[in-house]
Every structure is written in C-alpha cells, then in structure tokens.
Amino acid sequence: MTGTQLGAAGAGTDGVDGPGRGTPVLTVRDLSVGFTTEDGTVSAVDAVSFDVWPGEVLAVVGESGCGKSVTAMSLSGLLPRAARVTGSVLLEGTELVGAGDRRLRRIRGDDIAYIFQEPMTSLNPVFTVGRQIIEVLRLHQGMSRRQAADRAVELLTLVGIPSPARRVGEYPHQLSGGMRQRVMIAMALACDPKVLVADEPTTALDVTVQAAILDLLRDLGRRLGTAIVLITHDLGVVADIADRVVVMYAGRVVETAPTEDLFDTPRHHYTTGLLGAVPTAGRRASNGRLQEIPGLVPVLSEQPDACTFADRCPAASDRCRASRPPLAPETTDRTVHRFACWHPAGHRADLAAEPPVDHQERP
Amino acid sequence: MSTATGTPGTGTASVDPGAGEPPALEVEDLVMHFGSVRAVDGISMRIDRGRVMALVGESGSGKSTVGRCIVRLLEPTSGTVRLAGTDVTSLSRRRLRPHRRDVSIVFQDPASSLDPRLTVGDIVGEPLRLLGGDRSRGARARRVGDVLEQVGLRRQVAERYPHEMSGGQRQRVSIARALVSSPRLLIADEPTSALDVSVQASVLNLLADLQRDLGFACLFITHDLSAVEYLADDVAVMYLGQLVEQGTRAQVFDSPRMPYTQALLSAAPLADPREQRSRRRVLLTGDIPSPVDPPAGCRFHTRCPVAVERCRSEVPALRLVAGRRVACHLVADDGTGPDVRLLGTEGPPHPAPPAGAGRP
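One line per chain: the protein sequences are A and B, in this order. When we follow my numbering, the leftmost residue of the first sequence carries the number 1, and every step to the right adds one. When we follow my numbering, the leftmost residue of the second sequence carries the number 1001, and every step to the right adds one.
Encoded structure:
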C-alpha cells in the first residue's frame, strides 16, 4: 500500500476508506497551506488527509472559504508562490509537495487534470477548440499533427459533442456553456489523466445541462478508471455522483464517509447543519423551518487547540474550545466513517428534536 | 386557492371573486424585446394578494426580465402590468411614483445592489425619502429601525456600512429596504443564489416568516427548485420567453404535465443519494436555443423527446387543463398526456458498493 493509512484504520481488518481494492492513486496526508500576508501567516488549509482511489468520485464539500478550492489547487502546485504548502501529496508513490516546477507541469498535463467552473476563462478565445486540444496532445503526448487532429475529434465524440468533426473548427464563443464545459472535459482527458480535479464544474450551468455533464463525469470514471475529485458546494450534486465525501470546514476536514452513510448518519454538527439547510421534501425541522447555522465561518487562522466549529455548534462544550478533536474513524462491517467531534450527532431521526436556532446573525 | 392561476384565454382583468379586491399583480401579454432578442414573448399571469408565486426557468428563459418589467426598471415593448388594479405600464414616471410603494424588488447579489458609500440606515430609508410621504426625519429613522428588527438585524446596524457586514446580513438589508415602504408585492429575483447553503436557509426562513406576518404577495424568481418547494404557493415555468406551465406548487411538482417541466424537475438533483439514484430521469439533448431566433411552433420541440409534427409548426396555447395552465399539444383536455420521465433511465448507472467492500 502506498503511503500510510489514515489514523488507525490501516490496522488489519478495520477496513479502509474507499473501495478497499488495489491502492489509492492519490494519497494526501497532513496537507496544510498558509498564505503569508503583511499581518502574518494565514492558514487556509490545516492538516487535511484523504485518499482517492482509481475510478471513484470523491466529493469535497463545504461553503465558501472552507479551503476546498485551495486544497484542490495545492494538489499539483497550482498555488501562487506566496502559499506555503506542507505535508504530503503522493501520486502513485511520487511526492508532489516540493517537486520542481518542470516536473509539476508535466504531471498537471499527464496525470492530474483540472476543469473549472467557468470554461470560458480557461479556453483561449482566439483559437478554435480543435487547435487547443491538438496543442495539448502534441505537447504532452508527442503526437503528430495528423494523429492529434484525429484524436481531438475522438475526444469530442467521447464527451458527447454532436457533429464533432465540425465543432473542432469552431471558436469557444460559438459554443453554449454546456458545450464549452464538454470541451474542457475533452481537453482534460486528452492525456488520459489518472486524476481529474473538477472544481464546481456545473455551478455555472443550468440544471438540465448539469445533469448531462454529471452523467458524463460519472461515465468517464467508470469507463476509463479516472479518479475524480469533485469540489462542490451542492449537496444535490454530491448525492447524485459521489462515492465518498470529504466535508471541510474552516480549512479542516471535519467528516468523511461513503456518500450514503454521510447523508444517513451525519455525525459532525456542521454536516447535520448543512444537510438540514437544504430544502428537501421531508427534511425540514419539526417546526417546518429550514435548519440554520448561526454565526459565520471563523477567520482562517491558527486555532490549533480548539474545534473551529465550536462557536456555531449546538452541542459545543468547554472541551471543544480547549482541545481539537481528531478525525477519528468509526468502522462498521463495510465502511469507515470519520468525524472530528467530541459530541457527535446521533442518527438523523434524532435531529428533528434539536431545538431551532435563533436566526439572528451575530453582527 | 386555484383561482391564483387565473383564467386562460380571456384577460385576467376580472376581479378576484373571493377577495373582492383586485389581485396584487396582473400581467397581460407582456413582451420585452431587446433588438432582435425576444427575451419575453407574451406572458400573462396573476398573483393574488398574499400568495407567493415562483417563476422558474433556466438562464435565458426571460424570468428576470419579467421581474424588471414589473417594477419598470425596463420599459416593456408591449403588454400591461397592473398593480392592485392600476395599470402602471401607461403611467408617466411622475404619475407612477405613488404606485412605486406597492412593489419592491430584491436582487441576487447584495454586494452590488447596495451603495457602498451609504450607511445601512440611509440605504434602507432611501425609498421613504424618495417616495415622499408625510414622514419626518425622526419618523423615518424609527421606521428604518423597526424594519431592520423585522429582518433579524439590530437597530444599531443603521450606522454601519455594507462592507462591514456578511453576505447574509447584506441580503437582510436589501430585504429591509424592499419592505420599508410596506409594498403589496415583493419581487425576489434569485435572492439566495449568491449565498452559501447555511445562509440561504436563514434568508429563506426569513422570507417565509415576513411573508406570513406581513402578508405581501411575492414573485419569487429562481432557478432553485428546492427553494420553490419550500416557499411558493404557486409555480409558473418559463421556457424561452414564454410560460409553459402554471399551477399550484402541488400540481406542478407532484404531477407536472408539460414535458419541459417534467425534464426540469427530474434534472434537479435531490440532496438524498438513495432517492436521487433510484429515480427516473430524462436527459434533454442540446441546450436552450437562442432567443434571437426561437424555434417555430412549440419552442421546446427541439429538445422534447416526445415532439410530433404538430409541435414543430403550431404554437400551443397556454390553456386550462385539470386546474392548471399548460402549453402542450400532447396534453389532453382531461389532463392526460405523456410523461417523458418514463422514457428516462431508471436512475444513473451507479452500482452500489459491492458487499464486503472495505474488507481485505
């Protein structure tokens, strides 16, 4: 097995995070990112650990400012120089943290590919989509112009673009938002990456288009064995395609579990709050209101000795403010569910009994 | 209850028989063209007093343009907008002013809709000042303080500036500003779309509370179908500048008739993995066509999985069918019609983890 197992779960028959077959393609351990500012170092990501297995969709969820995008960028050194990255990111055994620029550039093309929320900002408006895909193929795969042109059409076919032979000659502005995102996915797949990092890939798209893109991503994972790290704030998207979920709050992982476990029995109170906040038939609090999380996400700073959610948590005690709960595993016969909480929530059925929170935000 | 859907065909000018008062909003054959872009192309709807109607649709459907026409941020190309019985489309700006009190709008992004140089108190009090009335400075300040408390803020925030507040608090300020003149109709245009999930919940709860307590009618413009389910009494669905279905929330959500509504509802992912992965979904092909050159006949026919020849040539009327309004040739007068969800895949190809996974 590559890298160390998370916590105690590596010990024999405890079970492991993920499908439990083969080895993870990406192993992240104690990844921390700090930004140096005039006022000192600001911590954006604090000791994040997770594994990604071939062919699985791992969702990283959280609200804005929780560090999910910074985590995604730091996987392959995409952050600006002001960022101080520590910890370990192993891609099939190769350490990426601290690797040189040239090596990382190679890895970004060949092994880890990215798609972002707004494809228009990632596509060059003055070149045809075909030319942009061909460029990637020639640069990273060393293909001839002819080979690359044929492969570009194949890739557009693969991502479900109608009349691909015609589309390769079109410019990004001639395509709809959904088609542009398909082109981005085609470019990302050009080098047959092991890991596809999709940062809010459908957030800018309409729901009918989103459904098609999510189906495409799921299908690619199945057919090509590509591992997908899906960064999203949308729990509906998570419920739709994720195999496992990592919940982040204020730069830390607060809970991780297989998708159904997480939705059935969320243990961290931030997760229960998030799930209760989404209006879904039958999931309202007993008083018919949506669950609220009072207060604001704390400023991302070093809070080594406390649970960062304590100030907003209905179950917080002095212990939560004095010592940081570890991301501890709870293992059932099939799965590993981890949460960093001293007073974990029970089953969802109990949640309705929680008192409603005061909706007055703290000024 | 079902009177909110109005009568098809005939104008909706008839006085609501139940209330004896004109409805909060009546829109008749509203058209808004921007040059060759036919953003809104003949919309009629009505909202009775105290009702919340959701106007849903995807980007480019024209839903936000409808809201802007109602508050006359845009001058409609043609058509009539009546607020509490008064035709405001024909009024001059000056004669419109007294009626501006009757309707307010809240936008998606409070960061860009609040003037950063004004204090919260000035922002919230501005409509009172501009709309005149008999309020003294002190009375205005008291009213501002009252309405700030109504939206869950402390009176003291009147002294602060928007940048000193969180996104959720700023949206509360926008809502306070919209409600300070006690409008009969609130247009809420994607009021929670720029907010984080947990903040969205608090703003939705607030809107629900205020609507119940103050009794204003509301046009809730959104693409977020789960928020609609939470907040709305009635639902109107737009596609490419036209209404394609309208009815009560239960009618539209539980038994949508128009194939586009069915596809839209089935495409929005539910935040419940088991339900989401087991339900039938219909995947539409292609994207929304351009409103510059909308398809002939039914505008949805290019993406509709059950379209027939008639749909390509003949525009379907929005007609009353089984208590709701539907624009579809394939829906019979008794409400029976195709359910395109039955054509869809039964859940995505998503195998459950094999038993024993996790065991070495």
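Idealized CB from N, CA, C, for every residue including glycine. Note that the coordinates shown come from a computational prediction; the quantities given were computed from them, not determined experimentally.
*Could you name the residues of chain A that B:Y1230 contacts, counting a contact when the two beta carbons are closer than 7 Å?*
P279 and L290
*Can a CB atom of chain A be found closer than 8 Å to the CB of B:R1274?*
yes
*Determine, using beta carbons only, whether A:L75 and A:V183 come nearer to each other than 8 Å.*
no
*Report yes if the C-beta distance between B:R1129 and B:R1140 is below 8 Å; otherwise report no.*
yes
*Closer than 8 Å, CB to CB, is A:F263 near chain B or not?*
yes
*What span of residues does the alpha helix (DSSP H) with B:Y1260 cover, start to end?*
P1259 to A1267
*Which residues mark the beginning and the end of the beta strand (DSSP E) in which B:L1055 is found?*
V1052 to V1056
*At a Cβ threshold of 8 Å, is B:V1340 touching chain A?*
no
*Going along the chain, which residues of the region 233-256 of chain A sit with their C-beta nearer than 9 Å to a C-beta in chain B?*
H233, D234, L235, G236, V237, V238, A239, D240, I241, A242 and D243
*Would you tell me roughly how many angstroms separate the C-alpha atoms of B:T1119 and A:L123, rounded to the nearest one?*
41 Å
*Looking only at its own chain, which residues have a Cβ that is under 6 Å from the Cβ of A:C320, when we skip the five neighbours before and after it?*
C307, A310 and W342
_According to DSSP, simplified to helix, strand and coil, what is B:T1077?_
coil
_Short Cβ contact (8 Å threshold) for B:T1222 with B:A1054_ = yes
*Straight-line CA distance for A:A83 to A:A99?*
14 Å
_Pull the bridge partners of A:F339 from the DSSP assignment, please._
A:E255 and A:A328
*Counting contacts by CB-CB distance shorter than 8 Å, is B:R1281 in contact with chain A?*
yes
*asked:* Suppose you measure from the CA of A:L31 to the CA of A:F50; what does that come to, to the nearest Å?
replied: 9 Å
*So which residues on chain A does B:L1025 lean against when the C-beta distance must stay under 8 Å?*
Per Cβ cutoff of 8 Å: no residues; B:L1025 is ~24 Å from chain A at best.
*Is there a Cβ from chain B that is less than 8 Å from the Cβ of A:G55?*
no
*CB of B:V1340 to nearest heavy atom of the ligand GTP: below 7 Å?*
This structure does not include the ligand GTP; it has no bound ligands of any sort.
*Considering B:T1222, what are the terminal residues of the beta strand (DSSP E) in which it resides?*
A1217 to T1222
*Would you list the one or two residues that DSSP bridges to B:D1048?*
According to DSSP, B:D1048 bridges with nothing at all.
*asked:* Quick check on B:F1300: buried or exposed, where buried means 16 or more other Cβ atoms within 10 Å of its Cβ?
replied: buried
*What residue from A:Q147, A:P164 and A:R145 has the CA that sits closest to A:V153's CA?*
A:P164
*Is the Cβ of B:V1106 closer than 8 Å to any Cβ of chain A?*
no
_For A:S43, list the residues DSSP reports as bridge partners._
A:G34
*Are the region 273-282 of chain A and the region 1269-1283 of chain B touching by the rule of at least three beta carbon pairs closer than 8 Å?*
yes
*asked:* At the 8 Å Cβ level, is B:H1163 part of the contact set with chain A, yes or no?
replied: no
*For the 8 Å Cβ check, are there 3 or more pairs between the region 155-163 of chain A and the region 173-191 of chain A?*
yes
*Run down chain A in chain order and give the residues with a C-beta less than 8 Å from the C-beta of B:A1227.*
P279
*For B:L1270, return the contacting residues in chain A, with the cut-off set at a CB-CB distance below 7 Å.*
G236, A239 and T280
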